[in-house]
Structure formats: C-alpha cells, structure tokens
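S.K.: Just dropping this structure here.
Numbering (my numbering), first residue to last: 2 to 335.
Below is the structure:
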C-alpha cells in the first residue's frame with residue numbers, strides 16, 4: 002500500500018504454491034505498480050528459509066518495500082522471528098502487531114508445528130440435559146442447519162475421524178460438500194482398538210478426490226486388524242505389545258501421514274479419550290432443544306473427565322437453526 006492505494010493483494014492458496022507476499026508483489030508488478038517505498042501488510046511473519054518456495058524476505062527486499070506490518074509471528078522454528086530480524090537488519094520499519102485475529106488464522110498451522118501432531122477439533126452434539134441419544138444406537142439430534150454446518154466444518158480440516166462404534170451404529174460415509182474442490186485429498190479416519198469394523202462399511206468406499214480410508218489400531222493387535230488392509234491404510238501405533246490406543250501416540254502417526262488438522266465426530270468414547278488425553282484444541286458443541294434423560298440415555302461425557310478437561314476459553318455462542326452452537330479453545334492456544 003502507498004498513499005492509501007492498494008498496489009496488490011495475495012494469499013497462500015495451496016501448499017507448495019506462492020506465499021501471500023510473493024503473490025501480492027507479483028500482482029502489483031503485473032498491474033504496472035512499483036512497490037518501492039510501499040508498506041506491506043501481512044497476517045503472518047514472512048518466512049526466511051528455503052522450503053517448497055524461496056524465502057519471502059528475499060522477494061520483499063528485492064521489491065524495495067520500506068515498511069511492513071505483521072499480524073502474528075511465525076510459530077515455525079525455521080522462521081520464528083528470523084524473518085523479522087532479517088528485515089529489520091536490512092533497514093525496514095517492522096511492526097509486529099500480535100493480533101488475535103491473525104493468530105486465529107494460523108491456529109491450525111501453529112498447533113501442528115508446535116505439537117508435532119494434527120490440530121484437533123472435537124465436534125459434539127447433545128441435548129439440553131447433556132445426552133447424545135435416548136438409548137444406545139443411531140439418533141438424529143440436531144437440525145438440518147447444524148448438519149450442514151458440520152459438513153462445512155469438515156472441509157476446513159484435512160480429515161474427519163470417528164470411532165469404531167460410530168461406524169458400526171451409523172455406517173457413515175463422512176464426505177464433504179461436493180461443491181468444494183481440494184488440492185489435497187480428503188481423508189477419513191477410524192479409530193479401532195478392540196475389534197475391527199466390517200469391510201463392507203460405507204466409509205471404505207473408494208471415492209474420487211478422497212484418500213484411502215485410514216484405520217488407527219494398536220501395534221500389538223496387528224493380526225486382529227490385518228484383514229482391513231485390503232480396504233484401508235492401516236496405521237499401527239504404540240509399542241509392539243500394546244493393545245490400547247493412546248491419543249498421544251496415534252495423532253503423531255496421522256501427522257506423519259500428511260494430516261495437519263482433523264475433525265473428530267466420534268461418539269462419547271472417542272471424545273472422552275481425546276479430552277482425557279489433552280489433545281483437543283478446539284471444541285464445537287451443538288445443543289439441541291430437547292431433553293433425553295432416561296435410564297437408557299447415553300451421556301455426552303462421563304463425570305470422571307472433569308479433572309482432565311483443561312482450561313477452556315469460550316469464544317462464541319450463536320443460533321444454528323433450532324439449535325445452539327458454542328465454540329471454545331484451550332487457553333494454551335489463545
């Protein structure tokens with residue numbers, strides 16, 4: 002920007018493609034503008050290392066930018082202040098705003114980089130009295146508007162994850178809206194611990210634009226789940242004799258498979274394991290305007306979890322059709 006006029010704009014469209022800075026500067030050049038002496042506004046600190054693209058600091062210095070305003074520092078250890086230092090050393094006027102909105106934009110990326118596991122969003126739906134179903138089994142709880150929002154939420158992540166119980170009861174397909182195109186194939190993940198699911202489950206259907214379904218299973222139970230290797234990518238995690246899946250072991254395996262963010266739509270068992278393991282970063286909770294309490298009603302969460310839930314910051318409360326939608330994130334990610 003110069004003299005209140007925008008010379009160029011850009012954003013990082015796909016992994017491996019030009020970063021926002023390079024795209025904005027290229028747009029300015031293509032429009033016939035000279036960016037020398039201009040101010041550059043960016044949400045994330047410009048990178049200062051060679052990765053899939055050259056350092057953005059090179060492009061900024063070559064363009065003759067005089068001032069840069071940065072929304073948030075880059076959490077990637079390869080940069081993490083290095084871009085700011087280089088630009089200041091070259092004489093640029095650098096302002097780091099450390100803006101909450103900018104940090105929100107990079108929230109998934111920041112957690113995946115810092116924790117070496119995918120960013121985890123847990124989606125839950127419950128009645129006003131805290132149950133997910135009037136009795137064990139499949140049950141539609143929220144309305145069509147909320148279900149549509151969940152499909153949109155899937156698209157905002159690299160993968161969707163459910164437990165084996167959800168596959169057996171609901172037999173979900175777990176697709177995103179077909180109107181969206183993705184550079185990276187979308188993944189569907191099943192957490193299996195004690196016994197395999199049916200190979201005929203819809204989640205194993207081969208679909209265009211979708212990666213092969215992933216099954217997470219304990220390394221000590223490889224023989225038990227070997228039959229699913231015909232229809233799924235089986236990732237065995239934990240020690241060689243482990244019969245239990247620990248979230249802190251399983252999630253890094255997904256990160257190694259190229260998944261940086263995941264939406265969990267599992268039932269109470271998987272939700273409790275993730276919350277108890279301290280690996281949920283964002284909570285999306287739908288509340289339906291019904292009461293379900295009965296001797297057979299299935300609770301959303303067990304009382305034993307209270308000591309392991311962590312410190313949450315609730316951000317939004319809004320209406321979703323006839324339902325209520327609450328969102329929160331762990332205080333460590335604020």
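Note that CB positions come from ideal geometry on N, CA and C, so glycine has one too.
How far does the alpha helix (DSSP H) with residue 351 in it reach, from first residue to last?
M.R.: Because the chain in this structure spans residues 2 to 335, residue 351 falls outside the shown range and cannot be described.
S.K.: Can you check which of these residues, 158, 145, 43, 146, is closest to residue 102 by C-alpha distance?
M.R.: On the chain shown, position 101 is the one that residue 102 refers to. Answer by Cα proximity: 43.
S.K.: Give the secondary structure of residue 228 by DSSP, where H, G and I count as helix, E and B as strand, and everything else as coil.
M.R.: Here residue 228 refers to the residue found at position 227 of the chain shown. Here residue 228 sits in helix by DSSP.
S.K.: Beta-carbon separation of residue 93 and residue 69 under 8 Å?
M.R.: On the chain shown, position 92 is the one that residue 93 refers to. On the chain shown, position 68 is the one that residue 69 refers to. In this structure, residue 69 lies closer than 8 Å to residue 93 by Cβ.
S.K.: Give the range of the beta strand (DSSP E) segment to which residue 106 is assigned.
M.R.: As a first step, residue 106 is located in the chain shown; it is residue number 105 there, counting from the start. That residue, residue 106, is in no beta strand (DSSP E); its alpha helix (DSSP H) goes 101 to 106.
S.K.: Does the CB of residue 133 have a neighbour CB from chain C at under 8 Å?
M.R.: The question asks about chain C, but that chain is absent: this structure has only one protein chain.
S.K.: Give the range of the beta strand (DSSP E) segment to which residue 326 is assigned.
M.R.: Reading the chain shown from its first residue, position 325 is the one you call residue 326. Start and end: 324 to 331.
S.K.: Under 8 Å between the Cβ atoms of residue 129 and residue 291?
M.R.: For the purposes of this step, residue 129 is taken as the residue at position 128 of the chain shown. For the purposes of this step, residue 291 is taken as the residue at position 290 of the chain shown. Yes; because the gap between Cβ atoms is below 8 Å, this pair is in contact.
S.K.: Would you decide whether residue 315 is buried or exposed? Buried here means 16 or more other CB atoms lie within 10 Å of its CB.
M.R.: Mapped onto the chain shown, residue 315 falls at position 314. By the 10 Å Cβ count, residue 315 comes out exposed.
S.K.: Please say whether residue 123 and residue 281 have beta carbons closer to each other than 8 Å?
M.R.: Translated into the one-based positions of the chain shown, residue 281 becomes position 280. Translated into the one-based positions of the chain shown, residue 123 becomes position 122. Cβ atoms of residue 281 and residue 123: closer than 8 Å.
S.K.: On a Cα-Cα basis, can you pick out the residue from 168, 131, 76 that is closest to residue 104?
M.R.: Looking up residue 104 in the chain shown gives position 103. Checking every option, the nearest Cα to that of residue 104 belongs to 76.
S.K.: What does the alpha-carbon distance come out to for the pair residue 38 and residue 89?
M.R.: To locate residue 38, count along the chain shown from 1; it is residue 37. To locate residue 89, count along the chain shown from 1; it is residue 88. Distance between the alpha carbons of residue 38 and residue 89: 15 Å.
S.K.: Please work out which residues of its chain come closer than 8 Å, Cβ to Cβ, to residue 206, disregarding the five sequence neighbours upstream and downstream, and give them in chain order.
M.R.: As a working note, residue 206 is residue 205 in the chain shown. Result list for residue 206: 174, in chain order.
S.K.: Alpha carbon to alpha carbon, how far is residue 85 from residue 54? Give it in angstroms, no decimals.
M.R.: The sequence position of residue 54 within the chain shown is 53, counting from 1. The sequence position of residue 85 within the chain shown is 84, counting from 1. Between residue 54 and residue 85, the C-alpha separation is close to 18 Å.
S.K.: In the DSSP assignment, the alpha helix (DSSP H) including residue 170 goes from what residue to what residue?
M.R.: Your numbering for residue 170 matches position 169 in the chain shown. Looking at the DSSP string, the run of the alpha helix (DSSP H) that includes residue 170 is 165 to 171.
S.K.: Taking the alpha helix (DSSP H) that residue 61 falls in, what are its first and last residues?
M.R.: As a working mapping, residue 61 is identified with position 60 in the chain shown. Note, residue 61: alpha helix (DSSP H), 57 to 64.
S.K.: Could you name the residues that DSSP lists as bridge partners for residue 315?
M.R.: Numbered from its first residue, the chain shown carries residue 315 at position 314. Beta-bridge pairing links residue 315 to 329.
S.K.: Rounded to whole angstroms, what's the CA-CA distance from residue 95 to residue 71? Just pull it up for me.
M.R.: For the purposes of this step, residue 95 is identified with residue 94 of the chain shown, where counting begins at 1. For the purposes of this step, residue 71 is identified with residue 70 of the chain shown, where counting begins at 1. Rounded to whole angstroms, residue 95 to residue 71 spans 8 Å at the Cα level.
S.K.: Would you decide whether residue 195 is buried or exposed? Buried here means 16 or more other CB atoms lie within 10 Å of its CB.
M.R.: As a working note, residue 195 is residue 194 in the chain shown. Answer is exposed; the Cβ neighbour count stays below 16.
S.K.: When we look at the beta-carbon of residue 109 and count the other beta-carbons within 10 Å, is it buried (16 or more) or exposed?
M.R.: The sequence position of residue 109 within the chain shown is 108, counting from 1. Counting Cβ neighbours within 10 Å, residue 109 comes out buried, since at least 16 surround it.
S.K.: How would you label residue 326, buried or exposed, when you count the other beta carbons within 10 angstroms and need 16 or more for buried?
M.R.: Indexing the chain shown from 1 puts residue 326 at position 325. Buried: at least 16 other Cβ atoms inside 10 Å.
S.K.: Nearest CA to the CA of residue 320: which residue from 301, 295, 286?
M.R.: Here residue 320 corresponds to residue number 319 of the chain shown, with the count starting at 1. If we check each option's Cα against that of residue 320, 286 comes out closest.
S.K.: I'd like the span of the beta strand (DSSP E) that includes residue 261, first residue to last.
M.R.: Within the chain shown, numbered from 1, the residue matching residue 261 stands at position 260. Careful: residue 261 lies outside any beta strand (DSSP E) and carries neither H nor E.
S.K.: Under DSSP, the beta strand (DSSP E) around residue 192 begins and ends at which residues?
M.R.: As a position in the chain shown, residue 192 is number 191, starting the count at 1. Element bounds for residue 192: 188 to 192.
S.K.: Which one of 250, 273, 296 has the shortest CA to CA distance from residue 240?
M.R.: By 1-based counting over the chain shown, the position of residue 240 is 239. For the residues 250, 273, 296, the minimum Cα distance to residue 240 belongs to 250.
S.K.: Go to residue 219, then tell me how far its beta strand (DSSP E) extends in each direction, as first and last residue.
M.R.: The residue labelled residue 219 in the question sits at position 218 within the chain shown. That run of the beta strand (DSSP E) goes 215 to 219.
S.K.: With burial defined as no fewer than 16 other Cβ atoms inside 10 Å of the residue's Cβ, what is the status of residue 189: buried or exposed?
M.R.: Locating residue 189 in the chain shown gives position 188, counting from the first residue. By the neighbour-count rule (16 or more Cβ atoms within 10 Å), residue 189 is buried.
S.K.: Please go through the same chain and pick out, in chain order, the residues whose beta-carbon is closer than 6 Å to the beta-carbon of residue 234, but skip the five residues on each side of it.
M.R.: Within the chain shown, numbered from 1, the residue matching residue 234 stands at position 233. If we look at residue 234 and ignore the five residues flanking it on each side, its Cβ neighbours are 213, 215.
S.K.: Taking residue 72 as part of the beta strand (DSSP E), name the residues at either end of that continuous run.
M.R.: Here residue 72 refers to the residue found at position 71 of the chain shown. Taken as a continuous stretch (DSSP letters only), the beta strand (DSSP E) holding residue 72 covers 68 to 73.
S.K.: Checking the sheet assignment: what are the DSSP bridge partners for residue 234?
M.R.: Position 233 of the chain shown holds residue 234. In the DSSP output, where bridge partners are listed per residue, residue 234 has 215.
S.K.: Taking 7 Å as the limit between beta carbons, can you name the residues of its chain near residue 28, skipping five residues before and five after?
M.R.: Here residue 28 refers to the residue found at position 27 when the chain shown is read from its first residue. These residues qualify, in order along the chain: 9, 10, 11.
S.K.: How is the alpha helix (DSSP H) around residue 156 delimited, first residue to last?
M.R.: Against the chain shown, residue 156 aligns to sequence position 155. Residue 156 -> alpha helix (DSSP H) spans 145 to 156.
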